[in-house]
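Everything below concerns the one structure shown next.
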Amino acid sequence: MFNIIKEKNALTNLIYVNVAVFVFINILKVFIYLFQNEIDISFLCVSSNINTLITQPWTLITYMFVHEDLFHIIVNLFWLYFGGKIFINYLSTQKLVSTYLMGGIIGAIVYIIAFNIFPVFEVIKSESIAMGASASVLAILIASAAHVPDYPIRFFNISIKLKYIAITAIIIDILSIPNGNAGGHIAHLGGALYGYTYIYFQKKNINTGYLIEQLMLSISKNNKIKRKKRSESDYEYNARKNKEEAKINTILEKISRSGYDSLSAEEKNELFKHK
């Protein structure tokens, strides 16, 4: 999954991961249906039941890549692309991925807290689950709006500032809580809260996504090193070693003719490296 942090492709890869999971789940559902069975994907979705969450902690991450409904994933990926392009223009791809992940995690936590605090959810909290990238996507959109609030969006020859789109999205989620999918809308607001606070602290030189960004950077570097080691063929290895050996022989011949002091600083460094 951490391949999504490639610098030039982070946004595209986030979209690919979401699409791949959606396609896999729905193809699996077809086969399960044909054999008259049922598929339970709750082990990938985050539960509002704390006891279930304790036994399935990975769902804090996996749920934000899971969609069952086609309309749900289309809407989320549209807003992910829309908000992500603006985000990358002003921040970075590493920050995009960390905001996606942290927005999703905070969204899930807010959803879990709400379902365990408010009496209206008492009956359903033991069975309720959340899925989808909406909290992550809203975190990116709100972060973009907090960073460049007056960014102009052209809509049918009308220019609308990004901050108004963000405010509208938040208002819609708040007003939609009593009308169904309350858990989803609450998670969205949690993601939005993270997106705003991320930029707020970023302006004070406090990076709330620092740990995730460093973890991703470390994994990315290790993957690059492994790929470089695997990609070198026997021919390339032998050619490189022969070139290095020829360079050392040239330096040694120079020493035998004119002495060590005749070497340039670069030649001395090269010789030192191959001691």
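When you line the sequence shown up against this note's numbering, it's residues 524 to 798, in that order.
Virtual Cβ for every residue (Gly too), placed ideally from N, Cα, C.
- [ ] Confirm, please, whether the CB-CB distance from Met587 to Ser659 is below 7 Å.
- [x] yes
- [ ] Might you give, ordered along the chain, the residues of its own chain that have their beta carbon closer than 6 Å to the beta carbon of Gln725, omitting 5 neighbours on each side?
- [x] none
TODO: Can you tell me which of the three DSSP states Ile635 falls into?
DONE: helix
- [ ] Can you tell me which of the three DSSP states Ser571 falls into?
- [x] coil
Task: Buried or exposed (CB count within 10 angstroms, at least 16 for buried), Lys497 - done: Because the chain in this structure spans residues 524 to 798, residue 497 falls outside the shown range and cannot be described.
TODO: Answer with buried or exposed for Thr691, where buried requires no fewer than 16 other C-beta atoms within 10 angstroms of its C-beta.
DONE: exposed
Task: Cutoff 6 Å; reference Ile538; Cβ partners in own chain excluding five residues on either side - done: Leu600
Open item on the list: Applying the 10 Å Cβ sphere with the 16-neighbour rule, what's the burial state of Gly707?
Closed with: buried
Open item on the list: I'd like to know if the segment 628-637 and the segment 562-576 are in contact, where contact means that at least 3 CB-CB pairs between them fall below 8 Å.
Closed with: yes
TODO: Mind checking which residues open and close the beta strand (DSSP E) that includes Phe678?
DONE: 675-678
TODO: Measure the C-alpha to C-alpha separation of Asp784 and Gln737 and round it to an integer number of angstroms.
DONE: 44 Å
Task: Whole-angstrom C-beta distance between Tyr674 and Ile609, which should lie under 8 Å - done: 6 Å
Task: Cα-Cα separation, Asn536 to Val542 - done: 10 Å
Task: Which of helix, strand or coil DSSP assigns to Ile528 - done: With a pLDDT of 46 at Ile528, under the threshold of 50, the predicted position of this residue should be treated as unreliable, though the coordinate-derived value follows. Correct three-state label for Ile528: helix.
Open item on the list: Residues in the same chain with beta-carbon distance under 7 Å from Ile735, minus the five sequence neighbours each way, listed in chain order, please.
Closed with: Ser621, Leu624, Met625
Task: Three-state class that DSSP yields for Ala715 in the structure shown - done: helix
- [ ] Let me know if Gly782 comes out buried or exposed under the rule of 16 or more other beta-carbons within 10 Å of its beta-carbon.
- [x] exposed
- [ ] Check whether the Cβ atoms of Val671 and Tyr604 sit closer than 7 Å, and answer yes or no.
- [x] no
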